[in-house]
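Residue numbers (my numbering): 7 to 124.
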């Protein structure tokens, strides 16, 4: 399978650049209010959803979320991005399946700049 060139870029490079521009970013969707805690696999932050400009009603309740940012893998003293870790995949999968009145539901998973947020 060959990558066709468009100008100086391959179709794959063009696709990746376009996808990155269209991908939702944490800063665009949420305002980080503060740090909650950290653990073995990541750090958790308190955040609120950014309000859309059309909704300026003071009575509108803005939801507050806990956002977990997974830590990248470490090889010795070097931090590298090797893709989504098996433990992150497992946690995301389990959180998507959990449905109970006493458990907060997973809203979304975002991949951004070699970081995974849920």
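Beta carbons: idealized from backbone N, C-alpha and C, even for Gly. Computed from a predicted structure; not experimentally measured.
Three-state secondary structure (DSSP) of residue i
i	result
residue 110	coil
residue 24	helix
residue 94	helix
Presumed contact (8 Å Cβ cut-off) between residue i and residue j, rounded CB distance
i	j	result
residue 116	residue 101	About 14 Å separates the two Cβ atoms, so there is no contact after all.
residue 54	residue 34	Residue 54 to residue 34, Cβ: 13 Å. No contact.
Residue i, enclosing alpha helix (DSSP H) - first and last residue
i	result
residue 44	First-last for residue 44: 36-44, but that is the beta strand (DSSP E), not the alpha helix (DSSP H).
Proximal residues to residue i (C-beta, below 8 Å), its chain only, five neighbours per side dropped
i	result
residue 110	72
residue 66	57
residue 93	47
For residue i, the nearest candidate out of the options (CA to CA)
i	options	result
residue 121	23, 108, 90, 106	90
residue 44	118, 106, 74, 33	74
residue 114	123, 49, 104	123
residue 76	41, 70, 49, 21	49
Segment limits, beta strand (DSSP E) that includes residue i
i	result
residue 116	116-118
residue 67	It is not in any beta strand (DSSP E) - residue 67 carries neither H nor E in the DSSP assignment.
residue 52	48-55
Beta-carbon proximity list for residue i, same chain, < 7 Å, skipping 5 on both sides
i	result
residue 31	118
Residue i: CB within 6 Å of a non-hydrogen atom of the ligand HEM
i	result
residue 34	Of the ligands one can find in the structure shown there are none, so the ligand HEM has no counterpart to examine.
Cut-off 6 Å between Cβ atoms - residues of its own chain near residue i, not counting five sequence neighbours on either side
i	result
residue 29	none
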